[in-house]
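Engineer:
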Amino acid sequence: MAVRRVRIILAVLVFWVLASWYYKSQRSDDAGLFGSTSGSTRFGGDYRWKRLPTRYHVDTLAELPTNKPARPIPQIQAPKPQEDATSKDERLTRLAAVRESFIHSWTGYKKHAWGHDEIKPISAQFKDPFGGWAATLVDSLDTLWLLGLKAEFESAVTACSDIDFTITKAREINVFETTIRYLGGFLAAYELSDKQYPSLLNKSTEVASLLMTAFDTPNRMPIPRFNWRDYVQGKTQRAPMTVLLAEIGTLSLEFTKMSQLTGDMQYYDAIQRIYDELETAQSNTRLPGMWPVLIDASSSPMRFKGDGFSLGGMSDSAYEYLPKQYLLLGGALEQPRKLYEKFIDVAKKHLLHRAVHPGNLAIRFFGDSHVSKPPNSGAVVVTTPRTQHLTCFVGGMVGMAAKIFDRPADLKVAAELTDGCVWSYSGTPSGVGPEVFFYIPCEADDENDDCQWSETRWHEAIRKHWAAGERGEKMTEQQIANIVEARRLPQAMVDVYDRRYQLRPEAIESVFYMYRMTGDAKWMDKAWDMFTAIEKHTRTSYAAAALDDVTDAKPDQVDSMESFWLAETLKYFYLIFGDWELFDLDKWVLNTEAHPLRRADA
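Each residue of the sequence shown is one higher than the one before, counting from 1 in UniProt numbering.
Right under this line is the structure:
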């Protein structure tokens with residue numbers, strides 16, 4: 001037993017070391033590309049990219065499905081809720097507050113970081129972690145349109161025309177981030193504005209052409225961290241032996257939309273090959289039905305030997321895109337539905353927990369699983385009751401899939417998942433949710449565990465989590481009280497592993513989906529509580545800042561504002577309080593950066 005515990009601990013440590021490396025590499029600051037922020041739209045850098053002749057040709061490209069769907073897609077969005085004059089006034093007041101928050105941050109970016117990826121909201125400086133191609137500018141296009149800021153939108157479109165995607169100072173191009181922020185941003189703005197601005201499709205094509213060179217490998221699998229300097233120099237390239245599931249599984253919506261808009265099937269073919277690999281491997285992983293966090297993409301077929309499974313960071317959006325790909329294709333392809341339904345049943349069996357809530361509200365979380373295969377025995381699945389802010393998207397995903405795939409029981413699960421993330425906000429002294437925390441899991445069998453709150457149960461969970469070996473049974477109540485006080489643990493949280501808030505959207509994303517799917521005004525009230533807490537603590541003189549410790553009633557601000565604050569977080573808040581018809585879920589699919597893409601059946 002001790003040996004097994006050590007192995008599990010080592011596996012968890014390795015997982016979190018990889019996670020830390022991943023997020024550090026995602027958020028590192030490359031040197032700025034622009035000498036001035038005074039409104040210049042001259043973009044430039046060190047390395048110039050050019051497309052070389054294709055090394056590994058594809059003889060036959062996969063075509064977009066054109067057949068009629070096997071079944072009509074059920075309606076996702078509830079009928080428009082009725083509201084009296086008082087309720088409408090309250091909603092519009094809240095809407096105005098969200099709009100003002102966006103304008104405040106956008107104005108700060110324009111004034112102090114124009115042409116750069118991000119503003120540093122405390123120092124009014126800038127940084128360029130995403131190639132230096134003005135990530136916040138591109139990511140904000142559709143939000144500008146949504147808010148009716150047409151003059152700002154047109155000014156931004158003009159500036160985007162001058163972005164040179166053949167030049168960067170970045171050492172590597174992150175294919176995932178470039179796809180969801182830049183390609184997704186341009187495509188959404190193009191469709192949302194009724195294709196009035198052809199330059200947006202031109203920029204989409206520029207970005208997509210760049211990204212396609214990362215697929216020019218022997219097995220046509222992409223290189224997620226693409227070194228285009230090596231590519232331009234003609235060096236041999238191959239997909240790496242270690243890639244993250246999310247990096248290769250979160251390209252389908254944007255590449256499919258490129259083929260839908262241009263008629264060029266190279267984009268759809270590229271991502272369909274990935275889905276075919278995922279389908280082939282789905283039943284042959286260590287946890288059949290799910291794919292591990294880490295994948296060997298260098299071989300053909302790819303290898304899925306990893307032992308860590310999660311719906312959190314590094315895996316999240318690969319699962320998110322399965323029902324969304326089904327929707328984008330208008331239900332014409334059954335593969336995404338089959339992949340989703342096979343995975344979600346396994347995830348619910350092994351990763352899903354009911355959790356203790358201080359007010360005995362029914363809540364759930366997906367934990368992280370490690371699968372080991374000891375000698376001469378079957379697989380052992382150990383699920384850690386640890387969840388992430390990044391995992392909070394699952395309430396929306398499970399709810400939407402429950403609608404379109406006729407899984408009515410999952411709607412209740414979706415609501416409980418979303419309520420769990422709402423509680424992660426309301427349960428902290430700041431009213432804002434942390435990045436990662438441990439919860440108290442309940443027994444899977446409802447008859448054996450009523451999942452009721454008690455301080456004794458909380459303390460027992462803390463004792464189990466914090467103690468090593470036999471020391472846990474000897475830990476005194478005073479020692480537990482000291483841990484609670486020293487670490488400022490909110491009731492029913494066993495540990496807060498990462499106390500930051502990085503302006504993330506996942507919790508409010510699921511609240512948005514639950515509101516649109518039910519029409520229940522209680523979700524608007526929950527959203528407002530979340531918004532007021534975030535606005536109170538994150539607002540700076542120039543924009544909005546990340547927070548260092550949400551367990552502090554007055555958390556310190558961090559000099560960082562990622563582009564998704566304007567692209568996603570404030571967009572979801574605005575949509576909750578805005579007109580019911582905005583981004584109708586029966587017409588639009590939102591990518592993982594909240595960029596709306598029109599469904600094929602719309």
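Just so it is clear, CB atoms sit at the ideal spot from N, CA and C, and this is done for glycine as well.
Measuring only the C-alpha atoms, how far is valine 356 from glycine 367?
Structural biologist: Roughly 14 Å between the two C-alpha positions.
Engineer: What are the boundary residues of the beta strand (DSSP E) that phenylalanine 438 is part of?
Structural biologist: Element bounds for phenylalanine 438: 436 to 439.
Engineer: By Cβ distance below 6 Å, which residues in the same chain neighbour phenylalanine 153 in space, the five residues on each side in sequence not counted?
Structural biologist: The residues are Leu144, Trp145.
Engineer: Would you kindly report the start and end of the unbroken beta strand (DSSP E) that includes proline 198?
Structural biologist: Per DSSP, proline 198 belongs to no beta strand (DSSP E); it is in the alpha helix (DSSP H), 198 to 212.
Engineer: Less than 8 Å separating the beta-carbons of methionine 265 and alanine 62?
Structural biologist: Yes, Cβ-Cβ distance for methionine 265 and alanine 62 is below 8 Å.
Engineer: Measuring only the C-alpha atoms, how far is glutamate 581 from arginine 273?
Structural biologist: C-alpha separation (whole angstroms): 35 Å.
Engineer: May I have a chain-ordered list of the alpha helix (DSSP H) segments no shorter than 4 residues that lie completely inside the region 170 to 200?
Structural biologist: Listed in chain order, they are 184 to 192.
Engineer: Pick from Arg171, Ala208, Tyr109: whose alpha carbon is nearest that of phenylalanine 226?
Structural biologist: The option with the nearest alpha carbon to phenylalanine 226 is Arg171.
Engineer: Suppose you measure from the CA of asparagine 591 to the CA of aspartate 162; what does that come to, to the nearest Å?
Structural biologist: Those two C-alpha atoms are separated by around 25 Å.
Engineer: Can you give me the start and stop residues for the beta strand (DSSP E) that alanine 402 sits inside?
Structural biologist: It is not in any beta strand (DSSP E) - alanine 402 instead sits in the alpha helix (DSSP H) that spans 394 to 404.
Engineer: Taking one C-beta from the region 542 to 561 and one from the region 113 to 120 each time, how about it: are there three or more such pairs within less than 8 Å?
Structural biologist: Output reads yes: the region 113 to 120 touches the region 542 to 561.
Engineer: Would a check of beta-carbon distances place proline 429 closer than 8 Å to chain C?
Structural biologist: Chain labels in this structure do not include chain C; a single protein chain is all it has.
Engineer: Quick check on serine 510: does DSSP put it in helix, strand or coil?
Structural biologist: In this structure, serine 510 counts as helix in the three-state DSSP scheme.
Engineer: Under the rule that 16 or more other beta-carbon atoms within 10 Å means buried, what is leucine 287, buried or exposed?
Structural biologist: Buried, since its Cβ has 16 or more Cβ neighbours within 10 Å.
Engineer: Report yes if the CB atom of histidine 370 is closer than 8 Å to the CB atom of proline 434, and no otherwise.
Structural biologist: In this structure, proline 434 does not lie closer than 8 Å to histidine 370 by Cβ.
Engineer: Work out the CA separation of arginine 504 and threonine 242 for me, nearest whole Å.
Structural biologist: Roughly 26 Å separates the two Cα atoms.
Engineer: Could you give the first and the last residue of the continuous beta strand (DSSP E) run that contains leucine 352?
Structural biologist: Here the beta strand (DSSP E) through leucine 352 covers 352 to 355.
Engineer: So leucine 597 and leucine 187 are in contact, right, with Cβ under 8 Å, and what is the actual spacing, rounded?
Structural biologist: That pair is a contact at about 6 Å.
Engineer: Evaluate glutamate 191 with the Cβ neighbour count: other Cβ atoms within 10 Å of its Cβ, from every protein chain shown; 16 or more gives buried, anything less gives exposed.
Structural biologist: Flag for glutamate 191 reads buried.
Engineer: Is there contact here, the region 293 to 305 with the region 316 to 333, by at least three beta-carbon pairs under 8 Å?
Structural biologist: Short answer: they don't touch.
Engineer: Starting from residue 673, follow the beta strand (DSSP E) in both directions and report where the run begins and ends.
Structural biologist: For residue 673 there is no data in the structure shown, the boundaries of the chain being 1 and 602.
Engineer: Report, in whole angstroms, the separation of the C-beta atoms of alanine 600 and glutamate 568, which I expect to be a contact under 8 Å.
Structural biologist: Not really, about 24 Å apart at Cβ, beyond 8 Å.
Engineer: Extract the residue ranges of the alpha helix (DSSP H) inside the region 462 to 496, only unbroken runs of 4 or more that lie entirely within it.
Structural biologist: Qualifying alpha helix (DSSP H) stretches, in chain order: 471 to 474, 477 to 486.
Engineer: CB-CB under 6 Å to serine 252, same chain, minus the five flanking residues each way: which ones, in chain order?
Structural biologist: Once the five neighbours on either side are set aside, the close Cβ partners of serine 252 are Ile271, Tyr321, Gln325.
Engineer: Roughly how many angstroms separate the alpha carbons of lysine 536 and proline 358, rounded to a whole number?
Structural biologist: About 25 Å.
Engineer: What distance in whole Å lies between the Cβ atoms of valine 207 and phenylalanine 176, which are believed to be in contact at a cut-off of 8 Å?
Structural biologist: With 8 Å as the limit, phenylalanine 176 and valine 207 do not qualify as a contact, their Cβ atoms being about 13 Å apart.
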